[in-house]
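Read the structure below first, then the notes.
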Amino acid sequence: MSSIQAADLLTSTAKGLRLSATLEINELVKQRLNAGKRVVHLGFGEATFPMQKDVLQAHREASSDTSYLPVAGLPALRESIARFQTRRLGSLIESDQVVVAPGSKPLLFALFDILQGDVLLPRPSWVSYEPQVMHASKKLFWVETDEHDRHSISVGSLRKSYDDAKTSGADPRIMLINSPSNPTGQAFDSASTEMISTFCRERGITLISDEIYSDISFTPSPAPSPASHGRLNTSQTILTGGLSKARTPPLHPQPARY
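Just so we're aligned, residue 1 is where the sequence shown starts under the UniProt record's numbering, counting upward by one.
Have a look at this one:
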């Protein structure tokens, strides 16, 4: 019987995966701190503020319930999220449009897996988007942003990325944006958000808006969303968000998709 190497059991996609750059930096920082070295840690976006005591107590009480939960999340939680997002966005969100999951990564991973088509993605973007697209065996086409104008996206750069994808024989039917953005820290303004939404709608592109940082703002107004002020197109727009950034419970993330 011939011996089987571990690498022979993996798909070609899995063989090409690398450790997340942010997690790799985080591990390196921990190693140096444990070695007694001084480190200025700028490589990992983890909230370090203490969790509110009432929230922590609610987590403790809920942890005693070990029964299986509804796949889409607790009905009361989904209703609460729907009410919150309806107030935040000014668009009606129904509880049956909300799905709760233990982290944004598995939500996005699932979306790339179930949605048809290849992907348009602004550059620069969060380090995990690209490998998730690759793992779903989709083609990725970068949409260049203007580094001299707050990493904005022009209709010209968006059209070029789309046309390049079509010319190559790809099927660009998904676009993902992250606003406010990691790593740039910038948020698309209302005009840019509307332009991207219209571009996607006219071409049958599903727009995924990762709004994990939407409740962190240094201006009186929150970052515009493709779903703001009644603009939500439920057949072509998916929003993702969560608690782990703005409300500091990274050990208990509860993102939602609506």
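Note that the Cβ used here is the ideal one computed from N, Cα and C, for glycine as well. Note that the coordinates shown come from a computational prediction; the quantities given were computed from them, not determined experimentally.
Do residue i and residue j have their C-beta atoms closer together than 8 Å?
i    : j    : result
L89  : A227 : yes
V98  : I114 : no
I208 : I153 : no
V127 : A21  : yes
S214 : S221 : no
S161 : V133 : no
I25  : G43  : yes
S179 : A110 : no
L33  : V39  : yes
How many angstroms separate the CA atom of residue i from the CA atom of residue j?
i           : j    : result
residue 269 : L121 : Coverage of the chain is limited to positions 1 through 258, which leaves residue 269 absent and any answer about it impossible.
L107        : T240 : 8 Å
E202        : R159 : 12 Å
I212        : S137 : 25 Å
D171        : E46  : 35 Å
T145        : G16  : 27 Å
C200        : N233 : 11 Å
L92         : T86  : 5 Å
V29         : E147 : 29 Å
P255        : V71  : Only weak support is given to the placement of P255: the predicted model assigns it a pLDDT of 46, under 50, and the value that follows is read from those uncertain coordinates. Going from the Cα of P255 to the Cα of V71 covers about 14 Å.
R60         : L69  : 17 Å
G169        : M51  : 49 Å
T219        : D149 : 18 Å
D164        : Y129 : 20 Å
Q57         : D65  : 14 Å
Counting only beta-carbon atoms, is residue i nearer than 8 Å to chain C?
i    : result
G241 : Here there is only one protein chain, and chain C is not present.
Return helix, strand or coil for residue i, following the three-state DSSP convention.
i    : result
F199 : helix
E144 : strand
M175 : strand
V119 : strand
D215 : coil
S80  : helix
G156 : helix
V100 : strand
E46  : coil
R231 : coil
D164 : helix
I25  : helix
L69  : coil
T86  : helix
H135 : helix
Could you give the C-beta distance for residue i and residue j, rounded to a whole number, given that I count them as a contact under 8 Å?
i    : j    : result
T184 : H151 : 4 Å
L140 : V119 : 5 Å
I205 : I177 : No, I205 and I177 are not in contact; Cβ-Cβ is about 11 Å, not under 8 Å.
V100 : R83  : With a Cβ gap of about 14 Å, V100 and R83 do not count as contacting.
G242 : S157 : G242 to S157, Cβ: 29 Å. No contact.
S95  : P124 : Not quite, the Cβ-Cβ distance comes to about 35 Å (not below 8 Å), so this is no contact.
From the DSSP output, which residues share a beta bridge with residue i?
i    : result
L207 : M175 and T237
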